[in-house]
Amino acid sequence: MLKQTRYDSDRLYLRILKPRYAMEVLEYFKRNHSFLTQWEPKRQKNFYTLSYQKRQLSMEYSMYRDNSLARFWIYKKEDNRLIGNVCYSNIIMCNFKSCYLGYKLDKDEINKGYMTEAIKRTVEIMFEDFGLHRIEANVIPRNVRSLSVMKKLGFEKEGFSRRYLEINGKWEDHIHFAVYNDKI
Numbered sequence: 009m010l011k012q013t014r015y016d017s018d019r020l021y022l023r024i025l026k027p028r029y030a031m032e033v034l035e036y037f038k039r040n041h042s043f044l045t046q047w048e049p050k051r052q053k054n055f056y057t058l059s060y061q062k063r064q065l066s067m068e069y070s071m072y073r074d075n076s077l078a079r080f081w082i083y084k085k086e087d088n089r090l091i092g093n094v095c096y097s098n099i100i101m102c103n104f105k106s107c108y109l110g111y112k113l114d115k116d117e118i119n120k121g122y123m124t125e126a127i128k129r130t131v132e133i134m135f136e137d138f139g140l141h142r143i144e145a146n147v148i149p150r151n152v153r154s155l156s157v158m159k160k161l162g163f164e165k166e167g168f169s170r171r172y173l174e175i176n177g178k179w180e181d182h183i184h185f186a187v188y189n190d191k192i
């Protein structure tokens, strides 16, 4: 399996980060705290500390090396600014070759096509370099922008789960989507 830590798309750098980037990650989360709250689990108070983000990046980098997680941090090429991430978690190989997809984008960068571009490129990476067969994404029905991204990228709607994930202290319904690599 190819172990690059930086990939490119037309307008973006997609990078696997080491702990030395914790300050950039912390700044990203702080400036997007209010915006992301509606889409994420409740965060512990120490989440917004440099030490927490260093530990998290260290753990995620180890998981990347073990092929169980790949979080691609999104940087705009024009100014090298961190604007979000695309995360492939619970990567299971053997005869399953599947994972979950999650993603988030800076509040000031939505509706510019960056997330569609980042997911499209990282799906290619996960299929071609990691050898996955299936990627599943779960979207809250009221998240119109994410539903649009799933449609643009050709993710198939597979089903609906009531009270599927706890988001900001409330159990939220989710629509399941998946995309398949039929080349393997």
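First residue of the sequence shown: 9, per the numbering used here; consecutive thereafter.
Glycine included, every Cβ here is placed at the ideal spot set by N, Cα and C.
CB contact flag (residue i, residue j, <8 Å)
i, j, result
"L90", "E48", "no"
"V157", "T124", "yes"
"Y69", "I99", "no"
"F163", "F138", "no"
"L65", "S97", "no"
"L20", "K84", "yes"
"Y108", "E144", "yes"
"V94", "I127", "yes"
"R142", "S169", "no"
"G167", "K50", "no"
Residue i to residue j span [Cα, whole Å]
i, j, result
"R14", "D114", "20 Å"
"F8", "I183", "Residue 8 lies beyond the stretch modelled for the chain, which goes from 9 to 192, so this question has no answer here."
"Y188", "L22", "21 Å"
"T45", "R171", "17 Å"
Bridge partners - residue i, DSSP secondary structure assignment
i, result
"F138", "None, per the DSSP bridge assignment."
"G167", "H184"
"R14", "R23"
Assigned secondary structure, residue i (DSSP; H/G/I helix, E/B strand, else coil)
i, result
"R51", "coil"
"L161", "coil"
"K85", "coil"
"L173", "strand"
"M9", "For M9, the pLDDT reaches just 49, beneath the cut-off of 50, and the residue's location in the model is therefore unreliable, although a value from the coordinates is still provided. Coil at M9, not helix or strand."
"K191", "coil"
3 or more residues per run - each beta strand (DSSP E) lying fully within the segment 72-133:
Whole beta strand (DSSP E) segments, 3+ residues: 78-84, 89-100, 106-113.
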